[in-house]
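**Q** Quick note, the sequence shown lines up with residues 2 to 136 if you use our numbering. Quick one: this structure, given as structure tokens, is what I'll be asking you about.
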Amino acid sequence: MEREFNWTLAGRNDLFATDGKTLLVRDVDMICFDDRYVYVWTGDRQSTGLYDAEIDGKVDETNEATVMATTGLTLPATGCNGYYTGWVGPELLYDGATAPHAPPCVWRNFGKGVLLHREWLDRPCTPEGWPTRRD
């Protein structure tokens with residue numbers, strides 16, 4: 002993930018391939034990820050889908066449901082079950098993110114033992130969670 006300044010959007014989060022140069026997705030809104038896969042939700046929904054780090058590209062839509070079932074990743078509104086149990090905005094995962102601009106601590110998915118990079122679970126988080134909406 003990389004944040005790119007855009008005059009019309011005041012900044013956007015883009016997903017790049019593992020080479021750090023090849024752009025895979027522009028303007029990422031939310032993500033759910035594990036060691037190999039990241040499900041991306043985009044503003045325009047055109048690039049929304051599951052991306053595989055081993056192929057540096059989007060999983061074919063005909064295989065998406067099978068891969069999701071195998072990994073345990075879930076769609077928005079149903080949780081996440083990756084490194085976090087909820088979908089997060091990519092800007093919350095940048096180095097240097099601190100509370101309250103980090104995912105809620107309770108969303109860290111310590112229960113998913115197959116995750117290889119446990120250091121994700123040690124990253125800064127927001128202890129009290131996010132503020133509730135006030136009307």
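Note that the Cβ used here is the ideal one computed from N, Cα and C, for glycine as well. Computed from a prediction, not measured in an experiment: that's the story for all the values here.
Enumerate in chain order the residues of its own chain whose CB-to-CB distance from W88 is below 6 Å, with the five nearest sequence positions on each side excluded.
**A** Answer for W88: M31, C33, P77, C81, listed in chain order.
**Q** Please state whether the Cβ-Cβ distance between V41 and L16 is less than 8 Å.
**A** In contact: V41 and L16 (Cβ atoms closer than 8 Å).
**Q** Where D136 and G90 are concerned, what is the direct C-alpha to C-alpha distance, given to the nearest angstrom?
**A** Any reading at D136 needs caution, since the residue's pLDDT is 49, under 50, leaving its predicted position unreliable; the model's value is listed next. One C-alpha to the other measures close to 23 Å.
**Q** What is the DSSP secondary structure of T43, counted as helix, strand or coil?
**A** Correct three-state label for T43: strand.
**Q** Per DSSP, what kind of secondary structure is T127 in: helix, strand or coil?
**A** Residue state, collapsed to three classes: strand.
**Q** State the beta-bridge partners of K59 as determined by DSSP.
**A** For K59, which the question treats as bridged, DSSP gives the partners Y52.
**Q** Given 8 Å as the limit, is there contact between the segment 94-102 and the segment 60-75, that is, 3 or more CB pairs closer than that?
**A** Result no; under three Cβ-Cβ pairs closer than 8 Å.
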